[in-house]
Amino acid sequence: MTLKKKLAVSTLAVSMAAATVAGIPLSGKGLAQQLGFTGTASAASISNADVKANIVKLYNALTDTEKQALLKYQTEAGSISQAKYEAIFEPILAKLALSGPDVQTSHKLFTSVSSVVYDVYAIDNDFAKLKEIRYDEKNIALLKGIAAKAGVANLTVDDLIEFLLGTGGVEAELRALISSKTTAELLEIVSNPNGQEALLNEAIDKVMDNRIGSDGAATVSQVVYNLGITKGDVKQTLKNLSTEITSAKPAAKALATAYIRAFGLGVNPGTGGSGGGGGGGVVTTPVTNPTATPGIYDVSKLVFIVGDKATLKLVDADVIKAFDALVAANPGKSGLTLTLNLGTVNAKTVEVPLSKVIIEAAKARGIANIAITFNGLTVTIPVGQFSDAVTLTVSTLDDSTITNVSKQKLASSVYDFNVTVGGVATTVFKQPITIKLPLKNTTGLDKELLSVGKLVYNKLDFQGGVVDGEYIIEPRDTFSTYAVLENKVSFNDISKVQAWAGRQIQVVAAKGAIEGIGDSKFAPKSNVTRAEFAKMLIRALNLENNSAAQTFTDVSSTAWYAPYVAVAAEKGIITGRGNSKFDPTATITRAEMATMISRALKAEKGLTETAPASALNGFKDASKIAASLKEGVAFAASHNLVIGNAGKFNPNDTATRAEAAVIIYRTINFK
């Protein structure tokens, strides 16, 4: 067996051993490719010396602590009992229906592979143990037997390698997924175990959805498909593995972190504050090149902890170097974000001061945002609105802060956010600050009903938020205490519209975008005014901005709807009905509603497309749509945001609250 082949098997061993996260590849190149492969395990040969050099490089990047993490996994997984093995892999073993001896062989195969994981990265290893596993007669017979059950000609170790590392395999899907992530998202994936699991689950979904059952399916995919092994079976097995073998995740993280260091990817998620409750942290001399990965600046060594408070102490010159590296790596691009990664911080309160020098330097270089991330939480600050030093303070409060005022189920920690500008407390922002909160304890919860709750005078005001995997994202134009809850809202008068609008009403109400009229009533058949729909739309898309101004002469600055009309006007979502009037109390028509959601989506997502007039061909009454509203209706119709009835759109009919809820629901789910 060539060294290239041996290395492929070793990479497979690592993937199997760290199955909960599969050693997540953290660049455009996957682990196998970074170590010398250009495609699959059967890719063109490269020199053994080059492969060996890369292995040595990776080994040398392992710290003593990381080596111990691998050794701990080797010991724990390599000595697992057959009973525990069968419990972990029960979802898959049940579908394989192996004989007693074959179950024993599969158990031995798992422990054998796990036992050599640490040895794979020993510099002087010749991979002899892996070769023994590869050519063991019982292992070969086991795989052939599984292939026969599935009606597949054969199943080999090479097929397993192809499934994990091939062009259509799990690692390739991971690479494709990672390449679509922003640097901030990538950072969170590295530093947060939930994010790592979510990424691997997404890759598994793609492999099983896109490959299984197709003519070009990989052999392993075909076996899995033919034997009825589902995505749920695979994910449950991974969950069992991480629960029963507690060293699996630390081992995977050790490999991933060493991989990053070895190949210059510049993120070090494993470091953090000094930990513990007493004394200060130790700050090393700042490095001259503060960020090897433009966009992410590892500042974990600049965190001081005293008691329960952690303070980040930045060096202005080094932050400016990080700005310059980011700009140099993205010539001509705007909207850039520099992420400050504090890593894991063991303190209840985290303070991040950004000096005036840093703020002005960011603005001068066209840096739009500075993001601060720690413990899975990310706060993204648009710096253009500030002209003085900014200090962000985030405190993690006791859950009782929320549970004492709400019976809704908590789905995150409770955070209190504060900002000072030039030393003065500031709670309202011209440009919203985006918070990305990590979710927790979501088992059994309806994720579509998760909403960010703002604590206001011991009551919760639900703000909505977009669920993204194991996080929820919410831009805020004001700061306060926030947490994520499952916001179940029920109404007793929607039975007649339940079939076509019930779920939509429930979700939109959970997000705080639409409210009842009191006494658990929703009034689904009541009409919607232009002001009411403006509020629904602005809240649903998280576009609130108390600094927005409007000039309609019939909208009082003290009216409840004034701030929503102001934002809608500022963003071009509404233009009024002539003579500087908005006509807020008039009922909204279906055509006006369609146009408003079209303009809102374009404003929020930066869309520039113009829907073709042909999108209206399906409506017999398209001629009745006002000329100024036709493009908006066409856009909404072309994206199935609005639909007709019996071939008609009825553009001038008034919209009911139930209809508004359905359209708002489609809008917030627009992709």
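Going letter by letter, the sequence shown gives residues -22 to -1, 1 to 649 in mature numbering (1 follows the signal peptide of the UniProt record, and there is no 0). Each residue gets a CB set at the ideal place from its N, CA and C atoms; glycine is no exception.
First and last residue of the uninterrupted beta strand (DSSP E) at residue i
| i | result |
| --- | --- |
| F395 | V392 to V399 |
| Q441 | K437 to G442 |
| G550 | Looking at the DSSP string, G550 is not in any beta strand (DSSP E), and its letter there is neither H nor E. |
| K287 | K287 to L290 |
| F282 | V281 to V284 |
| S373 | V368 to L375 |
| D276 | I274 to D276 |
Opposing strand residues paired with residue i [DSSP bridges]
| i | result |
| --- | --- |
| R454 | I411 |
| K626 | N623 |
| G496 | K499 |
| Y449 | P416 and D446 |
| F352 | G321 and L355 |
| P360 | N347 |
| A461 | G431 |
| L388 | L463 |
| A403 | T398 |
Member of the options whose CA lies at the smallest distance from the CA of residue i
| i | options | result |
| --- | --- | --- |
| G354 | S390, T371, V91 and A581 | S390 |
| L292 | P331, G313 and I274 | P331 |
| T381 | E464, K311, V305 and T421 | E464 |
| E522 | Q409, E44, I450 and K287 | Q409 |
| F511 | P562, A75, Q52 and F613 | P562 |
| P228 | K45, G206 and T83 | K45 |
| E548 | W538, M574 and R568 | M574 |
| I451 | I348, T371, A615 and N520 | N520 |
| A569 | K583, T536, E64 and K608 | K608 |
| Y460 | F469, G443 and N347 | G443 |
| S525 | M514, A546, R508 and I551 | A546 |
| E222 | D377, V201, V430 and I58 | I58 |
| K127 | V372, V212 and L205 | L205 |
| D446 | L415, K311 and T371 | L415 |
| A589 | F613, A600, I298 and L40 | F613 |
| I411 | G625, F301, A346 and T83 | A346 |
| V430 | D439, D302 and G422 | D439 |
| S225 | A349, E115, T43 and S312 | T43 |
| G129 | V201, E115, I111 and V91 | V201 |
| A377 | L40, L428, L433 and D631 | Here the sequence assigns Asp to residue 377, which means Ala is not the residue at that position. D377 has its Cα closest to that of L433, out of L40, L428, L433 and D631. |
Other residues of its chain near residue i: CB distance less than 7 Å, five sequence neighbours each side excluded
| i | result |
| --- | --- |
| S558 | T529, F530 and T531 |
| L579 | L585, T645 and F648 |
| N132 | K122 and A125 |
| V486 | I492, A518, A639, I642 and Y643 |
| V533 | A540, V543, F560 and P562 |
| E637 | none |
| Y63 | H85 and F88 |
| T215 | I66, F67, P69 and I70 |
| L449 | Per the sequence shown, the amino acid found at residue 449 is Tyr instead of Leu. Counting only Cβ-Cβ distances below 7 Å, and skipping sequence neighbours, we find K414, L415, P416 and L417. |
Alpha helix (DSSP H) segment containing residue i, residue limits
| i | result |
| --- | --- |
| I336 | K334 to A342 |
| P309 | Careful: P309 lies outside any alpha helix (DSSP H) and carries neither H nor E. |
| D211 | K209 to E222 |
| F71 | Note that residue 71 is Leu in the sequence shown here, rather than Phe. Counting along the chain, the alpha helix (DSSP H) containing L71 begins and ends at E68 to L74. |
| S378 | S378 to T381 |
| S616 | K608 to S616 |
| S576 | R568 to K583 |
| V640 | R635 to I646 |
| R555 | Taken as a continuous stretch (DSSP letters only), R555 belongs to no alpha helix (DSSP H), as it is neither H nor E. |
| P44 | Going by the sequence as given, residue 44 is Glu instead of Pro. Taken as a continuous stretch (DSSP letters only), the alpha helix (DSSP H) holding E44 covers D42 to G56. |
| G596 | Careful: G596 lies outside any alpha helix (DSSP H) and carries neither H nor E. |
| G123 | E115 to A128 |
Other residues of its chain near residue i: CB distance less than 6 Å, five sequence neighbours each side excluded
| i | result |
| --- | --- |
| S20 | Here the model assigns S20 a pLDDT of 35, short of 50, so the residue's position is not dependable and the matter cannot be decided. |
| T527 | Residue 527 is actually Ala in this sequence, not Thr. Hits under 6 Å: A544. |
| L375 | V392 and D394 |
| T398 | T369 |
| F407 | D455 |
| N188 | Interpretation of N188 is limited by its pLDDT of 46, a score under 50 that renders its predicted location unreliable; the figure taken from the coordinates is listed afterwards. Nothing meets the Cβ criterion. |
| K425 | V445 |
| S90 | I111 |
| P629 | R568, A569, K602 and I603 |
Minimum Cβ-Cβ distance from residue i to chain C less than 7 Å
| i | result |
| --- | --- |
| S504 | Included in the structure is just one protein chain, with no chain C present. |
Same chain only: Cβ atoms within 8 Å of residue i, ignoring 5 sequence neighbours per side
| i | result |
| --- | --- |
| S333 | L292, D294 and A367 |
| Q60 | V81, Q82 and H85 |
| D631 | T567 and R568 |
For this session: Could you say if the segment 354 to 373 and the segment 328 to 342 meet the contact criterion of at least three C-beta pairs nearer than 8 Å?
Result: yes
Problem set entry | the segment 121 to 130 in contact with the segment 71 to 91 per 3-pair CB rule at 8 Å | yes
For this session: Taking 8 Å as the threshold, find out whether the segment 276 to 286 comes into contact with the segment 318 to 331 through three or more Cβ pairs.
Result: The segment 276 to 286, when compared against the segment 318 to 331, does touch it at the 8 Å Cβ threshold.
For this session: Please determine if the segment 607 to 621 and the segment 463 to 478 are in contact, where contact requires at least 3 C-beta pairs separated by less than 8 Å.
Result: Using a C-beta cut-off of 8 Å, the segment 607 to 621 makes no contact with the segment 463 to 478, since fewer than three inter-stretch Cβ pairs fall below that distance.
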